[in-house]
Each structure stands twice: as C-alpha cells, then as structure tokens.
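Chains as they are written, first to last, in my numbering: chain A, 1 to 157; chain B, 158 to 400.
Structure (structure tokens):
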C-alpha cells in the first residue's frame, strides 16, 4: 500500500516519525475514531482496516496538517490516494457516484440534485423553509458547451 | 480599451451563489475590466472527482486552461482544484489586492462601510503552501481589503479553519457543527456580519447557521463602490441582511 500511495500522490508515509502534529492540528480528529497520524501508522503496518474502515473519508482536505508537518507529508493527499485505491478495488461510493453522474450528464454539479441522490429527500426535512429556497435557487439556465461536455464524458468514468 | 479578464463562476456560482458572481462582475467592471463570464465551461471536478481518480482533476484543469487561459475565480474550491490539478488560476481576492492594488480599490470607494466584519478565509485559498494567496496560517490580505473599503475587520478564532463543506454529504451533522462554530466565533468577537471568499464557505455558513448575516466579500466592495443595497440580491441569502 505504501508504494501505491506514493505513486498516486507522491507522498512517502515512511518519512513520518509519529510526532502527532497532524492529529493535534486536525479539526475532525476523533470523529469516528479518525486521526491522521494513527492512519499513517496503520498504513506502515499494512493494516487492511485502513481501507476497509474508510476512516480516510473524514479528512476535510483543509491542508492545515500539511503546512505543519515537519516531514513535509501532505496527509490529505494520502487520504486522496487511499480513496483512489478504494475506488479501483470497490468502485466509487454513493457520494462520488452522485457527483460523477452529474458531471457526465451535465458537465456541472447541481448541488441540490447531488445532495438528493447522495442523502435522500429526508435530509432536507429539518430545514424546510431554507430547503425550499435552496431547491428554487438550484435550477440553472446556462449549459456547458456541447463539445466540452463530450470531452468531460471521456474524462469522467 | 479596457483589459479583458476571464471569470470562472464555479457550479454554485451559477446556481445557489449567483449573488457572488453578480457582485464580483460589478466590482471588476468598476475597476475598469471587461469580463468574460465562463458559464459554458465544465465543472472543475470538485474534491469528489479527485477522490475517485486524481487524473480527472488534472485533465479538467487542463481543459479549463486550454479554453480560457488563466482564469479568475471567487470560488476557493475551484481555485484549489485547478491549481492542484496542475493548472493556472487566480483567486479574485488576490487579484483585487495584489494585482489591481489597494490604492486603486480605495480610489473607487464612494461610501466607506463603517461596519464590523469578520473576514472568513476558510482553507482552499490558503493551503497547501504552493497555492497560498497569503500566509497559510496568518493571512492579512482579507483584512487589508476590508480596511480599504472603510470596514473594520474583526479578529476571530475560526478565520482560517474549515467550514465543514467537504464533509457535508458524508458527515452532515459534523459539518453543520463546524459551520456553526465559525459563525459563533465571529459573533463572539463582535462582528456585525461575516464575509466569505468562497462559494461553498458562503453556502455552508449561510445555510446551516441562523446567527447573523453572511455576505460575499464582493457585496461589501460593491456597496462601498456606491452600488445600491437592492442590487446586492440579499434576498437570495438564507439569513436576513438589514440595511
């Protein structure tokens, strides 16, 4: 897994000496047991749970840990690499599928359509007056140029 | 002849965050630019495309650059995706402060704002370091712009932290808590409004919180340049903006 991560993201997790700066900088450390430094440690141990548990999906990609890492490792890029490896193995998750579908069909993302297909209608219940306004705002008149849309379909699986 | 620039609105810039793009164009025109709005270009791919395969981000970035060259965008998410995909982009805030210049901005001010504003940077235009429009942990560029238009920037703890946007679909409750924390921090510091510099940050803070108005920074600049309150499209916002 270490080599695969390196070839996708250029990040060498072997440089990590577990100082924990990333985890102490992280706004979502502890959410569902997510800690960047722990994941890196487990990658080094070739722990299959790193992929299977999908804790990497908690990463915000805020890159605060990246600018603080004394070894120059960018954890968000490690998380991206793990996600790419997951997709190669199991295919995109439901959120990614929603985005890919939008990209392929229209070439741009309609935020409401994506949220609906990723979360389902019930996710809008609790904020109903705002949600109605949001739904109205999300229809768009313009279109992505036809030749570019074709190109996007070649790029996006 | 006025110089031409290309503005990449981002998907939300043509849907839920139209007021941002409208006022960004107003400001650019006031500063003497002819603006080509890139509405017919595809999405930058967002973080999600990168999570599927990093090569998608690279190919979309090069497509955007091939069609429009170096684009200006007010969406930090688009900015970051294009840059991280190896492409060229300029963040609108950086363009106004560093390329147009603060003295030029100051010259256009007709109505200094006299408002306490919490400048919320978020993440995507500050980090990683190679794309940072200012110091990744202690930026000043937003405060400088606010002072140039007569507003009083308020310092608050969460100014460079995340709005929760990137995990809003996988961890919605956590994301919402993060948005609330940002606005609470601004409120505690005595701000009258929060100003954002990213489509997604604006959506997160405005949609998921109820504490105070959340404005696109371009709305503040346009107001200071003398445009009437009614043209800011504040009715598109989720929290009421009072005059």
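For each residue, glycine too, the CB sits at the ideal point set by N, CA and C.
Residue 180 (chain B) (DSSP reduced to helix, strand or coil):
The residue given as residue 180 (chain B) occupies position 23 in the second chain. Reduced to three states, the DSSP call for residue 180 (chain B) is helix.
Using 8 Å as the threshold, is the region 97-105 of chain A in touch with the region 64-74 of chain A, meaning 3 or more CB pairs across them?
no
Beta-carbon of residue 171 (chain B) versus every beta-carbon of chain A: anything under 8 Å?
By one-based count along the second chain, residue 171 (chain B) stands at place 14. Chain A, which has a Cβ nearer than 8 Å to the Cβ of residue 171 (chain B), makes this yes.
Any beta carbon of chain A sitting closer than 8 Å to that of residue 335 (chain B)?
Taking the first residue of the second chain as 1, we reach residue 335 (chain B) at position 178. Closer than 8 Å: yes.
Kindly say whether residue 290 (chain B), judged by its beta-carbon, lies nearer than 8 Å to any beta-carbon of chain A.
Along the second chain, one-based indexing puts residue 290 (chain B) at 133. It does not; no Cβ of chain A falls within 8 Å.
To the nearest whole angstrom, what separates the beta carbons of residue 148 (chain A) and residue 220 (chain B), a pair I think is in contact under 8 Å?
Residue 148 (chain A) sits at position 148 when you count from the first residue of the first chain. Residue 220 (chain B) sits at position 63 when you count from the first residue of the second chain. Residue 148 (chain A) to residue 220 (chain B), Cβ: 7 Å. Contact.
Could you check how far apart the C-beta atoms of residue 11 (chain A) and residue 78 (chain A) are, in whole angstroms? I think they sit under 8 Å.
Position 11 of the first chain, counting from 1, holds the residue named residue 11 (chain A). Position 78 of the first chain, counting from 1, holds the residue named residue 78 (chain A). Contact flag correct, Cβ pair sits at about 5 Å.
Minimum Cβ-Cβ distance from residue 395 (chain B) to chain A less than 8 Å:
For the purposes of this step, residue 395 (chain B) is taken as residue 238 along the second chain, with counting starting at 1. With 8 Å as the cut-off, residue 395 (chain B) counts as an interface residue toward chain A.
Residue 370 (chain B) versus chain A: which residues are under 9 Å apart at the beta carbon?
For the purposes of this step, residue 370 (chain B) is taken as the residue at position 213 of the second chain. In chain order: nothing, as chain A lies at least about 14 Å away.
Buried versus exposed, by CB contacts within 10 Å (16 or more), residue 110 (chain B)
In the structure as shown, chain B starts at 158 and stops at 400, and residue 110 (chain B) therefore has no counterpart that could be examined.
Grab the span of the alpha helix (DSSP H) containing residue 4 (chain A) for me, first residue to last.
By 1-based counting over the first chain, the position of residue 4 (chain A) is 4. Its alpha helix (DSSP H) spans residues 2-9.
Could you spell out where the alpha helix (DSSP H) holding residue 306 (chain B) opens and where it closes?
Counting from 1 along the second chain, the entry for residue 306 (chain B) is found at position 149. Looking at the DSSP string, residue 306 (chain B) is not in any alpha helix (DSSP H), and its letter there is neither H nor E.
What is the rounded straight-line gap between the Cα of residue 393 (chain B) and the Cα of residue 179 (chain B)?
Taking the first residue of the second chain as 1, we reach residue 393 (chain B) at position 236. Taking the first residue of the second chain as 1, we reach residue 179 (chain B) at position 22. Roughly 12 Å between the two C-alpha positions.
What residues from chain A crowd round residue 240 (chain B), counting only those whose CB sits closer than 8 Å?
If you number the second chain from 1, residue 240 (chain B) lands on position 83. What residue 240 (chain B) touches in chain A: nothing, since even the nearest Cβ is about 12 Å away.
Pick from B:383, B:388 and B:391: whose alpha carbon is nearest that of residue 266 (chain B)?
Looking up residue 266 (chain B) in the second chain gives position 109. If we check each option's Cα against that of residue 266 (chain B), B:383 comes out closest.
Can you tell me where the beta strand (DSSP E) with residue 163 (chain B) in it begins and where it stops?
Taking the first residue of the second chain as 1, we reach residue 163 (chain B) at position 6. Unbroken beta strand (DSSP E) run through residue 163 (chain B): 161-164.
To which residues does DSSP link residue 274 (chain B) through a beta bridge?
As a position in the second chain, residue 274 (chain B) is number 117, starting the count at 1. Answer by DSSP bridge pairing, in chain order: B:310 and B:350.
Closer than 8 Å at the beta carbon, the chain B residues around residue 27 (chain A)
Here residue 27 (chain A) is taken as the residue at index 27 of the first chain, counted from 1. Going along chain B in sequence order, the residues near residue 27 (chain A) (Cβ under 8 Å) are 318, 319 and 335.
Within a Cβ cutoff of 6 Å, which residues of the same chain sit near residue 225 (chain B), ignoring the five residues on either side of it in sequence?
Reading the second chain from its first residue, position 68 is the one you call residue 225 (chain B). The residues are 163 and 195.
Measuring only between beta-carbons, confirm whether residue 22 (chain A) sits less than 8 Å from chain B.
By 1-based counting over the first chain, the position of residue 22 (chain A) is 22. No, residue 22 (chain A) lies away from the interface with chain B (no Cβ there is under 8 Å from its Cβ).
Using the Cβ count rule (16 or more neighbours within 10 Å means buried), how would you classify residue 88 (chain A)?
Locating residue 88 (chain A) in the first chain gives position 88, where the first residue counts as 1. Its Cβ having fewer than 16 others within 10 Å, residue 88 (chain A) is exposed.
Am I right that residue 306 (chain B) and residue 262 (chain B) are in contact with their C-beta atoms under 8 Å? What's the rounded C-beta distance?
Counting from 1 along the second chain, the entry for residue 306 (chain B) is found at position 149. Counting from 1 along the second chain, the entry for residue 262 (chain B) is found at position 105. About 7 Å separates the two Cβ atoms, so the contact holds.
For chain B, find out if any of its Cβ atoms is closer than 8 Å to the Cβ of residue 14 (chain A); answer yes or no.
The residue given as residue 14 (chain A) occupies position 14 in the first chain. No - not a single Cβ of chain B is within 8 Å of the one on residue 14 (chain A).
Taking the C-alpha atoms as reference points, what is the distance between residue 344 (chain B) and residue 369 (chain B)?
In the second chain, residue 344 (chain B) corresponds to position 187, counting from 1. In the second chain, residue 369 (chain B) corresponds to position 212, counting from 1. Whole-angstrom Cα-Cα distance: 8 Å.
Along the chain, which unbroken stretches of the beta strand (DSSP E) at least 3 residues long are found entirely within the region 330-381 of chain B?
350-353 and 371-373
Listed by chain order, chain A residues near residue 207 (chain B) by CB distance under 7 Å:
What you label residue 207 (chain B) is simply residue 50 of the second chain in a count that begins at 1. Going along chain A in sequence order, the residues near residue 207 (chain B) (Cβ under 7 Å) are 80.
Between the Cα of residue 359 (chain B) and those of B:233, B:311, B:270 and B:284, spot the shortest distance and give me the residue it belongs to.
Counting from one through the second chain, the residue named residue 359 (chain B) turns up at place 202. Residue 359 (chain B) has its Cα closest to that of B:233, out of B:233, B:311, B:270 and B:284.
Work out the CA separation of residue 19 (chain A) and residue 198 (chain B) for me, nearest whole Å.
Residue numbering aside, residue 198 (chain B) sits at position 41 when the second chain is read from its first letter. Residue numbering aside, residue 19 (chain A) sits at position 19 when the first chain is read from its first letter. Rounded to the nearest whole angstrom, the CA to CA distance from residue 198 (chain B) to residue 19 (chain A) is 44 Å.
Which value, in whole angstroms, describes the spacing of the CA atoms of residue 303 (chain B) and residue 277 (chain B)?
As a position in the second chain, residue 303 (chain B) is number 146, starting the count at 1. As a position in the second chain, residue 277 (chain B) is number 120, starting the count at 1. Whole-angstrom Cα-Cα distance: 12 Å.
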